[in-house]
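Just so it is clear: in the sequence shown, position 174 is 174 by this note's numbering, and no numbers are missing. Note that beta-carbon positions come from the ideal geometry of N, C-alpha and C, so glycine has one too.
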Amino acid sequence: LFCNMLNKLNVADFQKAIQKQSEKVLKDVKQKQYEAQPKPMDPNVARDYDMVIVMRHSKRIDQHPNFAPHLRWSDEDRYLRCYDPPICDFELPVQKLQEVEAFIPTLRITKIVVSPFLRCIQTAAAIGKYLSISKFTIDARLGEHKIPIDRCINTAQNRVKHLSPNESYAAQMAKDYRDATYLSVEEMQRVMTALYNKGGDDDSSTDVVIEWQHTQAPGNGLYIECMKEALQRESGQPEQRHDTLLVTHSQPLTDI
Numbered sequence: 001l002f003c004n005m006l007n008k009l010n011v012a013d014f015q016k017a018i019q020k021q022s023e024k025v026l027k028d029v030k031q032k033q034y035e036a037q038p039k040p041m042d043p044n045v046a047r048d049y050d051m052v053i054v055m056r057h058s059k060r061i062d063q064h065p066n067f068a069p070h071l072r073w074s075d076e077d078r079y080l081r082c083y084d085p086p087i088c089d090f091e092l093p094v095q096k097l098q099e100v101e102a103f104i105p106t107l108r109i110t111k112i113v114v115s116p117f118l119r120c121i122q123t124a125a126a127i128g129k130y131l132s133i134s135k136f137t138i139d140a141r142l143g144e145h146k147i148p149i150d151r152c153i154n155t156a157q158n159r160v161k162h163l164s165p166n167e168s169y170a171a172q173m174a175k176d177y178r179d180a181t182y183l184s185v186e187e188m189q190r191v192m193t194a195l196y197n198k199g200g201d202d203d204s205s206t207d208v209v210i211e212w213q214h215t216q217a218p219g220n221g222l223y224i225e226c227m228k229e230a231l232q233r234e235s236g237q238p239e240q241r242h243d244t245l246l247v248t249h250s251q252p253l254t255d256i
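In structure tokens:
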């Protein structure tokens, strides 16, 4: 019966009907996607709660090697700290935060909590400069997941095999995430202070202050615990909003 019906239909009309139906379905999908998009908050409506904003670090230099070819990642760090690459886009963090501010006009970040990995430290410094926040809380619970750390180490171990004996770092390299280490507080402070004051007046430079309470080993996977703690933060000033920014990695961001 179906075949007989098809034979009676004009092929061109049949194709037009299919196309019309496809366009209707596509239109409905786009409408649902539009309706699902978050809408900007009304700046005239006061919030009676604080917010926690979670942000991934900026672009890694090892994943975007051609983005800023003038930036260098030393060979020593490329092998011995392969799991801790720097960022190559120092404008992206502020751009992304400005997008958040466009949706939340009442956003008032007063605390920045940061993963101890270099890429997050650099990202936080760029945002801190934009927000005029010079005190940062380092929290190892926001650190990279152990699987990406191991992936970086395995890649570096495969690459180091092609170096000449005099250049080989194999004996000093981490074997897995349990051998990974963080920068010292002094090194973090030096990195953040340099970025914070970059392009500014030398006579009015700002000293970055770092507080580090949670110092768990890399790959600890405790980011949910950190998030819960941030949500329970008491500002002590109910008449003012005190929002918190967490700077972390892709896996914690996905799980959170």
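Contact belief for residue i with residue j at Cβ below 8 Å, rounded distance in angstroms
i, j, result
"Val-114", "Leu-142", "7 Å"
"Val-273", "Leu-246", "Outside the displayed range of the chain (1 to 256) lies residue 273, so it cannot be described from this structure."
"Met-51", "Asp-243", "4 Å"
"Leu-80", "Met-192", "Contact flag wrong, Cβ pair sits at about 22 Å."
"Met-41", "Pro-85", "Met-41 to Pro-85, Cβ: 35 Å. No contact."
"Val-209", "Tyr-196", "Between Tyr-196 and Val-209 the Cβ distance is about 11 Å, and since that is not below 8 Å, they are no contact."
"Val-94", "Tyr-49", "About 25 Å; that fails the 8 Å criterion."
"Pro-218", "Ala-180", "4 Å"
"Arg-241", "Arg-159", "Actually they are not in contact, since the Cβ atoms of Arg-241 and Arg-159 sit about 47 Å apart, beyond 8 Å."
Residue range of the alpha helix (DSSP H) that includes residue i
i, result
"Lys-146", "146-160"
"Asp-75", "75-80"
"Gln-251", "250-255"
"Ile-127", "118-131"
"Tyr-196", "185-196"
"Val-100", "92-103"
"Tyr-223", "223-231"
Residue of the options minimising C-alpha distance to residue i
i, options, result
"His-70", "Glu-76, Ile-87 and Lys-20", "Ile-87"
"Ile-61", "Met-51, Arg-72 and Thr-137", "Arg-72"
"Arg-119", "Lys-135, Val-94, Asp-89 and Lys-146", "Asp-89"
"Phe-136", "Val-185, Gln-251, Arg-159 and Ala-171", "Val-185"
Per-residue burial, residue i [other beta carbons within 10 Å of its own, 16 or more giving buried]
i, result
"Phe-117", "buried"
"His-162", "exposed"
"Lys-16", "exposed"
"Glu-144", "buried"
"Arg-56", "buried"
"Ala-36", "exposed"
"Leu-26", "exposed"
"Asp-13", "exposed"
Endpoints, beta strand (DSSP E) assigned at residue i
i, result
"Met-55", "52-56"
"Phe-136", "135-139"
Reduced DSSP category for residue i - H, G, I as helix; E, B as strand; rest coil
i, result
"Leu-1", "Legend: pLDDT at Leu-1 = 49, less than 50; position of this residue unreliable, no value from coordinates given."
"Asp-243", "strand"
"Arg-72", "coil"
"Lys-30", "helix"
"Arg-108", "coil"
"Ile-210", "strand"
"Arg-87", "It should be pointed out that residue 87 corresponds to Ile in this sequence rather than to Arg. Three-state result, Ile-87: strand."
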